[in-house]
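Remarks on the structure that follows.
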Amino acid sequence: MEVRLENLTKKWGPVIGTEAITLDIHSGEFVAFLGPSGCGKTTTLLMVAGIYKPTAGYVKFDGRIVNRVQPRDRNIGMVFQSYALYPHMTVYDNLVFPMKLKKTPSQVMKERAQRVAEMMDIDKLLDRKPGQLSGGQQQRVALGRALTKEPNLLLFDEPLSNLDARLRLSMRGEIKRLQMDLGITSIYVTHDQVEAMTMADRVAVMKGGHLQAYCTPGELYEEPRNLFIASFIGNPPMNFLHVVVTEENGAYRARREAFDGLVSAERGAKAAGRGEVILGIRPEDMAIAPAAASDGILGEVYVVEPLGRDDLVDVRIAGASLHALADPGLSIRIGDPVRVRFDPEKVQFFDQSKEESLLWA
Amino acid sequence: MERDRATLKERLGTAIPVIVLVILTLPILIGYAWIIISTFSRTTYGLEPQGSLTLKNWSFLWQDSKVWSVTANTVILALGQTIGVVAVSSLAGYALSRLNFPGRKPFLGMTLILHSFPAVTLLIAIYFVLRWVSRLPVVGNDIPIIGGFGYNTLGGVILVQLALDLPLGVWLMKGFFDNVSWDMQRAALIDGCGHFRAWWQIVMPAIRPGIAALVIFTFITGWGSFLIPYTFIADQQNSTLAAYVRSLQGDTSPVNYSQIAAVGLFQLIPVLVFFIFTQEYLMNIFSGGSKGGT
Numbered sequence: 234m235e236v237r238l239e240n241l242t243k244k245w246g247p248v249i250g251t252e253a254i255t256l257d258i259h260s261g262e263f264v265a266f267l268g269p270s271g272c273g274k275t276t277t278l279l280m281v282a283g284i285y286k287p288t289a290g291y292v293k294f295d296g297r298i299v300n301r302v303q304p305r306d307r308n309i310g311m312v313f314q315s316y317a318l319y320p321h322m323t324v325y326d327n328l329v330f331p332m333k334l335k336k337t338p339s340q341v342m343k344e345r346a347q348r349v350a351e352m353m354d355i356d357k358l359l360d361r362k363p364g365q366l367s368g369g370q371q372q373r374v375a376l377g378r379a380l381t382k383e384p385n386l387l388l389f390d391e392p393l394s395n396l397d398a399r400l401r402l403s404m405r406g407e408i409k410r411l412q413m414d415l416g417i418t419s420i421y422v423t424h425d426q427v428e429a430m431t432m433a434d435r436v437a438v439m440k441g442g443h444l445q446a447y448c449t450p451g452e453l454y455e456e457p458r459n460l461f462i463a464s465f466i467g468n469p470p471m472n473f474l475h476v477v478v479t480e481e482n483g484a485y486r487a488r489r490e491a492f493d494g495l496v497s498a499e500r501g502a503k504a505a506g507r508g509e510v511i512l513g514i515r516p517e518d519m520a521i522a523p524a525a526a527s528d529g530i531l532g533e534v535y536v537v538e539p540l541g542r543d544d545l546v547d548v549r550i551a552g553a554s555l556h557a558l559a560d561p562g563l564s565i566r567i568g569d570p571v572r573v574r575f576d577p578e579k580v581q582f583f584d585q586s587k588e589e590s591l592l593w594a
Numbered sequence: 023m024e025r026d027r028a029t030l031k032e033r034l035g036t037a038i039p040v041i042v043l044v045i046l047t048l049p050i051l052i053g054y055a056w057i058i059i060s061t062f063s064r065t066t067y068g069l070e071p072q073g074s075l076t077l078k079n080w081s082f083l084w085q086d087s088k089v090w091s092v093t094a095n096t097v098i099l100a101l102g103q104t105i106g107v108v109a110v111s112s113l114a115g116y117a118l119s120r121l122n123f124p125g126r127k128p129f130l131g132m133t134l135i136l137h138s139f140p141a142v143t144l145l146i147a148i149y150f151v152l153r154w155v156s157r158l159p160v161v162g163n164d165i166p167i168i169g170g171f172g173y174n175t176l177g178g179v180i181l182v183q184l185a186l187d188l189p190l191g192v193w194l195m196k197g198f199f200d201n202v203s204w205d206m207q208r209a210a211l212i213d214g215c216g217h218f219r220a221w222w223q224i225v226m227p228a229i230r231p232g233i234a235a236l237v238i239f240t241f242i243t244g245w246g247s248f249l250i251p252y253t254f255i256a257d258q259q260n261s262t263l264a265a266y267v268r269s270l271q272g273d274t275s276p277v278n279y280s281q282i283a284a285v286g287l288f289q290l291i292p293v294l295v296f297f298i299f300t301q302e303y304l305m306n307i308f309s310g311g312s313k314g315g316t
């Protein structure tokens with residue numbers, strides 16, 4: 234099913250939930266709503282579900298406006314962070330509850346519940362009450378309940394946030410695979426950028442009730458349209474420095490106190506001549522070299538955080554802090570003088586006042 | 023040696039609270055013991071019965087026909103009060119917990135004030151209200167079983183006790199509803215329920231332990247209530263057990279305390295039995311409810 238949000242707005246008096254959200258979701262697509270808490274992502278989801286009535290704008294399913302359609306008539310399945318299972322019913326009764334209300338024939342009901350239970354690997358738990366299950370099992374039941382009624386649209390509201398890190402990882406993969414196999418259009422709300430990036434076909438980044446970007450995870454990462462997206466996406470987060478870009482004989486250099494680095498001509502040209510701009514560079518696009526090396530910007534190691542595969546090194550250059558990922562083999566120590574290099578093709582530039590990208594706007 | 027000392031310390035650690043609790047409950051236990059012993063004796067000296075044991079004190083059960091009608095009245099009072107409190111509290115609690123309407127916070131504050139209002143101070147005013155209700159046709163005093171809602175009727179007493187019990191009930195139920203997650207209700211709406219069905223099939227069962235606790239609590243309160251029934255029921259015929267006990271302490275004849283103990287025990291037995299079987303639920307009042315602010 235295709236979903237279209239048009240100018241979707243929700244206000245409670247002066248409080249803005251979401252404002253003028255417009256986006257399309259293709260049939261079978263997996264879309265993530267990503268943003269910090271209070272950004273309006275859950276509000277948007279609840280409007281799609283029909284729990285909240287929009288203040289303005291439209292929710293369209295397959296081109297039909299459904300603003301006034303009751304949640305129960307939308308044929309959607311929803312999975313909640315708190316699982317929201319019915320505690321007084323057994324797992325089986327939880328699974329068939331939506332079908333019972335739709336007056337599905339009992340034979341069909343039994344078959345579907347059995348099939349979904351096997352798919353979710355909860356077929357041995359059908360007689361238990363939700364209170365007797367672990368968090369992961371409860372979430373499987375919740376997912377199963379959303380699937381038994383064969384919905385046209387699946388909604389996920391931070392479904393993995395209550396699970397421990399390991400389980401979250403495996404469920405992430407399972408949900409993605411399940412969604413692909415079943416081909417049900419899905420919206421997935423999360424504040425975890427890794428979840429959004431790894432699972433979704435497209436990600437809608439929201440902040441303060443506004444849609445910041447709506448594109449594929451790759452674009453989000455490589456071509457951040459503003460400072461917020463650049464800082465929110467990616468872990469460890471992008472470094473930012475105030476620099477002035479100048480051109481000398483066709484080469485572009487970004488400069489500040491004790492800092493002078495070459496940037497690509499294509500990107501540098503868009504930032505040159507604008508006075509002070511913000512340069513962004515990801516820790517993985519930087520390298521650390523010994524102080525004795527011939528090029529690179531000289532700085533001092535402030536702190537080293539071993540991450541296992543890499544060391545996250547915080548280098549101070551005249552008071553400015555730059556995080557870089559370095560090979561643990563270099564055995565960098567706190568207080569060492571080092572040289573920092575960065576990939577001139579990977580720099581981002583942002584306007585200082587508007588905080589918008591100078592490259593991708 | 024070290025080890026022995028440690029276990030001794032541990033034992034003392036568990037023993038001391040037990041000893042303190044035993045000492046504190048001793049007066050209550052002695053009280054119960056005295057009641058039970060004295061109902062079977064002519065008179066007692068301390069806990070010691072004087073003379074041979076007797077069943078004479080229990081003779082009211084077969085000699086005084088009034089006691090059975092009074093017991094029936096008490097059951098009706100307790101049941102009526104319970105049904106009223108639970109029905110009104112669960113609806114009001116739901117509204118206060120889930121809906122946002124103007125005046126919600128002041129209303130919650132007012133109910134708290136009502137809760138802390140001593141009933142005694144209202145007696146005279148309530149008397150006038152009930153007298154006025156008595157003059158209404160049918161509603162006043164022409165309803166079967168409860169008599170009506172006016173003065174000198176069981177219904178009137180139920181109404182007054184209901185009003186006095188509601189603030190606590192409403193707050194408790196609101197607390198229980200607050201504990202039911204919005205997500206569960208939303209899930210029900212998405213799964214195909216309307217608002218009413220979501221309330222009846224999903225939310226109400228989820229707070230069943232809370233309702234059970236309120237039922238037990240209200241029933242016991244109603245069963246043992248004395249002041250309101252004693253004040254507003256003039257006829258012995260319409261009276262309740264607690265008032266009946268009071269009537270045995272006649273102002274003119276010498277008081278037979280053993281008989282009073284017997285009637286008192288008779289009144290106590292259902293409560294004790296009830297309590298023993300349901301105390302688990304009653305604990306919910308202290309754990310589940312009363313949580314959350316306005």
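Protein chains in written order, with my numbering: chain A, 234 to 594; chain B, 23 to 316. By construction, the Cβ of each residue, glycine as well, lies at the ideal position given by its N, Cα and C atoms.
- prompt: Cβ of B/Ala235 less than 8 Å from any chain A Cβ?
  reply: Position 213 of the second sequence holds residue 235 of chain B. Judged by the 8 Å Cβ criterion, B/Ala235 is not in contact with chain A.
Three-way DSSP call (helix, strand, coil) for A/Ile258 in this model: Working through the first sequence from its first residue, we reach residue 258 of chain A at position 25. Note: A/Ile258 maps to strand in three-state DSSP.
DSSP state of A/Glu351 mapped onto helix, strand, coil: What you label residue 351 of chain A is simply residue 118 of the first sequence in a count that begins at 1. It is helical.
task: Spell out a yes or no on whether the stretch 173 to 188 of chain B and the stretch 260 to 274 of chain A are touching, meaning 3 or more CB-CB pairs, one atom from each, closer than 8 Å.
output: no
message: Are the CB atoms of A/Ile355 and A/Gly377 within a distance shorter than 8 Å?
response: In the first sequence, the residue the question calls residue 377 of chain A occupies position 144. In the first sequence, the residue the question calls residue 355 of chain A occupies position 122. Yes, Cβ-Cβ distance for A/Gly377 and A/Ile355 is below 8 Å.
- prompt: Comparing the C-beta of B/Arg126 with each C-beta of chain A, is any distance below 8 Å?
  reply: For this step, residue 126 of chain B is matched to residue 104 along the second sequence. Cβ-Cβ to chain A under 8 Å: no for B/Arg126.
- prompt: Quick one, which of B/Lys31, B/Cys215, B/Val237 and B/Gln289 has its alpha-carbon nearest A/Lys336's?
  reply: As a position in the first sequence, residue 336 of chain A is number 103, starting the count at 1. Of B/Lys31, B/Cys215, B/Val237 and B/Gln289, the residue nearest in Cα terms is B/Cys215.
query: Using a beta-carbon distance below 8 Å, is A/Met311 in contact with chain B?
result: Stepping through the first sequence from its first residue, residue 311 of chain A is reached at position 78. So yes, A/Met311 belongs to the interface.
task: Using a Cβ cut-off of 8 Å (strictly closer), state whether B/Asp200 contacts chain A.
output: Numbered from 1 along the second sequence, position 178 holds the residue referred to as residue 200 of chain B. No, its Cβ sits nowhere closer than 8 Å to a Cβ of chain A.
- prompt: Where does the unbroken beta strand (DSSP E) through A/Trp245 begin, and where does it stop?
  reply: By one-based count along the first sequence, residue 245 of chain A stands at place 12. Segment Val236 to Trp245, the beta strand (DSSP E) holding A/Trp245.
- prompt: CB-CB under 6 Å to A/Phe473, same chain, minus the five flanking residues each way: which ones, in chain order?
  reply: Numbered from its first residue, the first sequence carries residue 473 of chain A at position 240. Result list for A/Phe473: Ile511 and Gly513, in chain order.
- prompt: Mind listing which residues of the stretch 221 to 252 of chain B have their C-beta closer than 9 Å to chain A's C-betas, in chain order?
  reply: Gln223, Ile224, Pro227, Ala228 and Arg230
message: According to DSSP, is A/Val264 part of a helix, a strand, or is it coil?
response: Here residue 264 of chain A is taken as the residue at index 31 of the first sequence, counted from 1. Strand, per DSSP.
- prompt: Is there contact here, the stretch 571 to 584 of chain A with the stretch 462 to 479 of chain A, by at least three beta-carbon pairs under 8 Å?
  reply: yes
message: Here's a check: name, in chain order, each residue in its chain whose Cβ is nearer than 7 Å to the Cβ of B/Gly315, leaving out the five neighbours to either side.
response: Taking the second sequence and counting its residues from 1, the one referred to as residue 315 of chain B is at position 293. The predicted position of B/Gly315 is uncertain, since its pLDDT is 41 and thus under 50; a value taken from the coordinates is nonetheless stated next. So the list is empty, once near-sequence residues are dropped.
- prompt: First and last residue of the alpha helix (DSSP H) that includes B/Gln271?
  reply: In the second sequence, residue 271 of chain B corresponds to position 249, counting from 1. First-last for B/Gln271: undefined, no H or E at that position.
message: What does the alpha-carbon distance come out to for the pair A/Met353 and A/Val312?
response: What you label residue 353 of chain A is simply residue 120 of the first sequence in a count that begins at 1. What you label residue 312 of chain A is simply residue 79 of the first sequence in a count that begins at 1. Using only the alpha carbons, I get a separation of about 14 Å.
- request: Taking A/Pro470 as the query, report the chain B residues whose CB atoms sit under 7 Å from its CB, ordered along the chain.
  value: As a first step, residue 470 of chain A is located in the first sequence; it is residue number 237 there, counting from the start. By Cβ distance, chain B contributes nothing, its closest Cβ being about 31 Å from A/Pro470, past 7 Å.
- prompt: Within 10 angstroms of its Cβ, does A/Glu428 collect 16 or more other Cβ (buried), or is it exposed?
  reply: Numbered from its first residue, the first sequence carries residue 428 of chain A at position 195. Answer is buried; the Cβ neighbour count reaches 16.
task: Please check if any C-beta of chain A sits within less than 8 Å of the C-beta of B/Leu121.
output: Against the second sequence, residue 121 of chain B aligns to sequence position 99. Chain A contact via Cβ: absent.
query: Could you give the distance in angstroms between the alpha-carbon of B/Lys313 and the alpha-carbon of B/Gly191?
result: By 1-based counting over the second sequence, the position of residue 313 of chain B is 291. By 1-based counting over the second sequence, the position of residue 191 of chain B is 169. Bear in mind that a pLDDT of 41 at B/Lys313, under 50, signals an unreliable position, so the number given afterwards is only what the model happens to contain. Taking the straight line from one Cα to the other gives about 13 Å.
query: CA-CA distance, B/Gln85 and B/Gly170?
result: Here residue 85 of chain B refers to the residue found at position 63 of the second sequence. Here residue 170 of chain B refers to the residue found at position 148 of the second sequence. In a straight line, the C-alpha of B/Gln85 is about 29 Å away from that of B/Gly170.
DSSP bridge partner residues for A/Asn472 (one or two, in chain order): Taking the first sequence and counting its residues from 1, one reaches residue 472 of chain A at position 239. Bridge partners of A/Asn472: A/Ile514.
task: Return the first residue and the last residue of the alpha helix (DSSP H) that B/Val110 is part of.
output: Taking the second sequence and counting its residues from 1, the one referred to as residue 110 of chain B is at position 88. Segment Lys88 to Arg120, the alpha helix (DSSP H) holding B/Val110.
Which of helix, strand or coil DSSP assigns to B/Glu302: As a working mapping, residue 302 of chain B is identified with position 280 in the second sequence. Looking at B/Glu302 - three-state DSSP - the assignment turns out to be helix.
task: Return yes when the Cβ of A/Leu334 is within less than 8 Å of the Cβ of B/Asp205, no when it is not.
output: Here residue 205 of chain B is taken as the residue at index 183 of the second sequence, counted from 1. Here residue 334 of chain A is taken as the residue at index 101 of the first sequence, counted from 1. No, Cβ-Cβ distance for B/Asp205 and A/Leu334 is not below 8 Å.
message: With three or more beta-carbon pairs closer than 8 Å as the criterion, would you say the stretch 163 to 180 of chain B touches the stretch 265 to 280 of chain A?
response: no
- request: Measure from the C-beta of A/Arg373 to each C-beta in chain C and report whether the shortest distance is under 8 Å.
  value: Going by chain labels, chain C is absent from the structure shown, which instead holds the protein chains A and B.
The stretch 94 to 103 of chain B / the stretch 271 to 278 of chain B touching (three or more Cβ pairs under 8 Å): no
task: Return the Cβ separation of A/Arg486 and A/Gly529 in integer angstroms, given the expectation that the two are a contact with Cβ distance under 8 Å.
output: Position 253 of the first sequence, counted from the start, is the residue given in the question as residue 486 of chain A. Position 296 of the first sequence, counted from the start, is the residue given in the question as residue 529 of chain A. Between A/Gly529 and A/Arg486 the Cβ distance is about 14 Å, and since that is not below 8 Å, they are no contact.
message: Please tell me whether A/Leu335 has its Cβ less than 8 Å away from any Cβ of chain B.
response: By 1-based counting over the first sequence, the position of residue 335 of chain A is 102. The sequence given here has Lys at residue 335 of chain A, not Leu. With 8 Å as the cut-off, A/Lys335 counts as an interface residue toward chain B.
- prompt: What are the partner residues of B/Phe72, as DSSP defines its beta bridges?
  reply: To locate residue 72 of chain B, count along the second sequence from 1; it is residue 50. Just to set this straight, residue 72 of chain B is Gln in the shown sequence, not Phe. Beta-bridge pairing links B/Gln72 to B/Thr65.
message: Rounded to whole angstroms, what is the Cα-Cα separation between A/Asp544 and B/Lys196?
response: Counted from its first residue, the first sequence places residue 544 of chain A at position 311. Counted from its first residue, the second sequence places residue 196 of chain B at position 174. Approximately 53 Å, taken between the alpha carbons.
Span of the alpha helix (DSSP H) around A/Lys293: Position 60 of the first sequence holds residue 293 of chain A. Looking at the DSSP string, A/Lys293 is not in any alpha helix (DSSP H); the run it does join, the beta strand (DSSP E), is Ala289 to Phe294.
- prompt: Along chain A, which residues have their Cβ under 8 Å away from the Cβ of B/Gly197?
  reply: As a position in the second sequence, residue 197 of chain B is number 175, starting the count at 1. Near B/Gly197 there are no residues of chain A at all, since even the closest Cβ is about 17 Å away, more than 8 Å.
message: Once the 5 residues before and after B/Leu75 are set aside, which same chain residues still bring their CB inside 8 Å of it?
response: As a working note, residue 75 of chain B is residue 53 in the second sequence. Within the same chain, B/Leu75 has close Cβ partners Phe62 and Ser63.
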